[in-house]
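Below you'll find the structure, written out as structure tokens, and then a few comments.
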């Protein structure tokens with residue numbers, strides 16, 4: 024399986040099962056806190072649009088996604104990908120914690136999170152995608168660290 028090059032500076036963290044995974048450096052405090060709190064994560068990115076543009080520029084063959092509109096839409100947005108039950112538990116926790124309560128409860132407002140569970144022909148995907156403004160990374164890291 025082909026692995027795309029890392030675009031953002033990263034740090035290698037070790038999961039509870041001993042697997043070593045590269046995590047975008049800005050996201051490492053968030054991932055560490057999520058793991059400490061018992062959440063499972065399957066992917067993260069500190070800036071999806073920037074990463075997609077970087078991967079696209081380095082690949083000899085097209086991505087199959089990641090055209091200019093995709094990149095523009097996702098530039099400045101971080102990503103957490105979690106199993107749906109864990110994502111629901113995280114959003115429920117954040118809904119009780121200012122300043123994230125309004126951000127996860129209200130859609131399409133400045134600072135609001137974009138959250139979805141992809142719909143596939145066989146049903147809902149087993150994971151959720153939580154996109155949030157990159158500028159909220161330090162604040163989210165601080166809030167999770169205190170939990």
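Numbering (the working numbering), first residue to last: 24 to 170. All C-beta atoms, glycine included, are put in the ideal place defined by N, C-alpha and C.
Item to complete: Output the distance between the C-alpha atoms of residue 45 and residue 67, rounded to the nearest integer angstrom.
Response: It is roughly 10 Å from the alpha-carbon of residue 45 to the alpha-carbon of residue 67.
Practice prompt. Please determine, among 105, 151 and 129, the residue with the shortest C-alpha to C-alpha distance to residue 139.
Written response: Selected option, being the one with the closest Cα: 151.
Worksheet item: With distances taken between CB atoms, is the gap from residue 34 to residue 50 smaller than 7 Å?
Response: At least 7 Å separates the beta-carbon of residue 34 from that of residue 50.
Worksheet entry | Of the residues 47, 52 and 48, the one placed nearest residue 168, counting alpha carbons only | The candidate whose alpha carbon is nearest that of residue 168 is 52.
Discussion item. Check this for me: beta carbons of residue 80 and residue 157, under 7 Å apart or not?
Written reply: Between residue 80 and residue 157, the CB-CB gap reaches or exceeds 7 Å.
Fill in: Proximal residues to residue 31 (C-beta, below 6 Å), its chain only, five neighbours per side dropped
47 and 69.
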